[in-house]
Amino acid sequence: MTLQAPMRCSALAEQLDEPMIGSVDHRLRWLLVEDRGAWGRDAVQDLFGPDVTSRAEELRLRLLLVRRREGDPAADAVRRAILVDTVSGAMAIRTITSPSELSVEVAARLPVAEFGAPMTDPIFLVCTNGKRDACCALRGRALIGALGVDHAER
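Per the working numbering, residue 59 is the first one in the sequence shown, and the count goes up by one each step.
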């Protein structure tokens, strides 16, 4: 008897000719927080706690942990937070020493320009957390490698 490899989510979607773009998210703002620690299935809740993540949902704020591409020498030097407004497209970045410096209440209401330095170049967010979705680990890492050729700093 031979075992078949498990069907991965994006592989199945591809076979069914489903759109390969990510699910639509209707939140008004995203707060991206760099975190170099190990991530479990619910990494955001593990870092911020259930009360903060629940409040972020109520405020239509998407909390997301991000990290720079492996091998980026700047990744260990500073931790950054990026606030994105999905309505205006405005983005701002600032350096933090700890995620505890951030408030979901402030991030949901503060004018983006007051959060930090403005950002005008696009950023690329690619899921690589295999504990949440196996396809992210398999396909996400390959995509990161491909993006690194031309867009290593983003």
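Backbone N, C-alpha and C define an ideal beta-carbon position, used for all residues, glycine too.
Please report the straight-line C-alpha distance between residue i and residue j, rounded to a whole angstrom.
{"i": "Arg212", "j": "Gln73", "result": "Any answer about Arg212 is weak, because its pLDDT of 49 lies below 50 and its placement is not dependable; what the coordinates show is given next. Distance between the alpha carbons of Arg212 and Gln73 is about 31 Å."}
{"i": "Ala114", "j": "Ile154", "result": "19 Å"}
{"i": "Leu201", "j": "Val184", "result": "8 Å"}
{"i": "Ala148", "j": "Val170", "result": "7 Å"}
{"i": "Asp179", "j": "Arg126", "result": "16 Å"}
{"i": "Leu216", "j": "Leu205", "result": "This structure gives no information on residue 216, because the portion of the chain shown stretches from 59 to 212."}
{"i": "Ser161", "j": "Ala96", "result": "22 Å"}
{"i": "Arg99", "j": "Arg197", "result": "17 Å"}
To which residues does DSSP link residue i through a beta bridge?
{"i": "Trp88", "result": "Arg120 and Val142"}
{"i": "Pro176", "result": "Ala150"}
Taking the continuous alpha helix (DSSP H) assigned at residue i, which residues delimit it?
{"i": "Ala171", "result": "Val170 to Phe173"}
For residue i, which of the options has the nearest alpha-carbon?
{"i": "Val142", "options": "Lys189, Gly107, Leu168 and Thr186", "result": "Leu168"}
{"i": "Arg85", "options": "Ala139, Ala192, Arg138 and Leu121", "result": "Leu121"}
{"i": "Leu117", "options": "Met149, Arg138 and Asp109", "result": "Asp109"}
{"i": "Ile151", "options": "Ile181, Gly203 and Thr186", "result": "Ile181"}
{"i": "Leu119", "options": "Trp97, Ile140 and Ala166", "result": "Ala166"}
Within the stretch 101-165, ranges of the alpha helix (DSSP H) (whole runs, at least 4 residues)
101-106 and 108-116
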